[in-house]
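Residue numbers (mature numbering (1 follows the signal peptide of the UniProt record, and there is no 0)): -18 to -1, 1 to 253.
Worksheet for the structure shown next.
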């Protein structure tokens, strides 16, 4: 009889009280258990869209969606890794339609390209380089052993006249930077052709090994290096158009970043 009365009193307490504490006099939620919890049957979650109860599937986890939202069942996926092998851990791609332009007076003042264009050169020591804004983005590295690949593509155009003799042309360079340090550079020449307003496709691939763990900033910057028999009004455009025979959709830039690592940190993944 005492047990029955105790159960009735406990049930009444659950009904009357907004918060119930077990082994605590100051519960902080609807049910606050201060101690071990042993479940012998099942946990179900209310689906608020159709008011059904979900028990989840085998090997699923109950995951919080944040304050004010009910938890949901998620499947745990832990990829299998072989020791000392590289795996694609981070990859992303970015695009930009704004690009950069250079007038005849914005030509780089770099005299010795042989000493200036070296791996690790800071962008502040490369006068005349302009960043392509939309390609400045963060990337993540989780291991001390990694290989990061960059693939940059854009269109380069100048409002050049029809070519003559000797050639009418412009030298330019584009560099890939990580944390403002040069990791890859390509120098090319845009030469006038038999038609005016010449444009070419520029492709560039770079790689750097063993970036430090953490977040880094990748960027692309270009420069006008030299001009040959060009008039003062000739504009060099990289990632944008210098004339109306092409548009910003055609000339847009893209940058793809892939980070391959020997895994050292294993983050559980749910879906």
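Glycine is no exception: its CB is placed at the ideal position from the N, C-alpha and C atoms.
Residue i: first and last residue of the uninterrupted alpha helix (DSSP H) it sits in
i	result
residue 96	95 to 98
Three-state class that DSSP yields for residue i in the structure shown
i	result
residue 117	helix
residue 231	helix
residue 88	helix
residue -10	In this prediction, residue -10 has a pLDDT of 49, which is less than 50 and means its spatial position is unreliable; nothing more can be read from the coordinates.
residue 73	strand
residue 40	coil
residue 107	helix
residue 152	strand
residue 56	strand
residue 177	coil
residue 222	coil
residue 46	coil
residue 23	coil
residue 242	strand
residue 123	strand
residue 147	coil
residue 142	coil
residue 33	coil
residue 128	strand
residue 67	coil
Per DSSP, the bridge partner or partners of residue i
i	result
residue 166	158
residue 260	Any answer about residue 260 is impossible in this case: the structure gives the chain only from -18 up to 253.
residue 3	14
residue 78	235
residue 112	204
Run of the beta strand (DSSP E) containing residue i, from where it starts to where it stops
i	result
residue 254	The structure shown does not extend to residue 254, since the chain is modelled only from -18 to 253, so the question has no answer here.
residue 103	It is not in any beta strand (DSSP E) - residue 103 carries neither H nor E in the DSSP assignment.
residue 206	196 to 210
residue 29	27 to 29
residue 213	Unbroken run through residue 213: none, as it is neither H nor E.
Near the ligand NAP: residue i beta-carbon under 7 angstroms from a heavy atom
i	result
residue 132	For the ligand NAP, the structure offers nothing, since it holds no ligand at all.
Could you tell me whether the stretch 90 to 110 touches the stretch 200 to 208, where touching means 3 or more Cβ pairs closer than 8 angstroms? yes
Tell me, please, whether the stretch 152 to 160 touches the stretch 185 to 202 by the rule of three or more beta-carbon pairs shorter than 8 angstroms. yes
Touch check for the stretch 111 to 120 and the stretch 144 to 153: three-plus C-beta pairs under 8 angstroms? no
Tell me whether the stretch 70 to 85 and the stretch 239 to 248 touch, counting them as touching only if at least three CB pairs, one residue from each stretch, are closer than 8 angstroms. yes
Three or more C-beta pairs below 8 angstroms linking the stretch 194 to 203 and the stretch 171 to 184: no
With three or more beta-carbon pairs closer than 8 angstroms as the criterion, would you say the stretch 210 to 228 touches the stretch 74 to 87? yes
Taking contact to mean at least 3 C-beta pairs separated by less than 8 angstroms, is the stretch 96 to 110 in contact with the stretch 226 to 233? no
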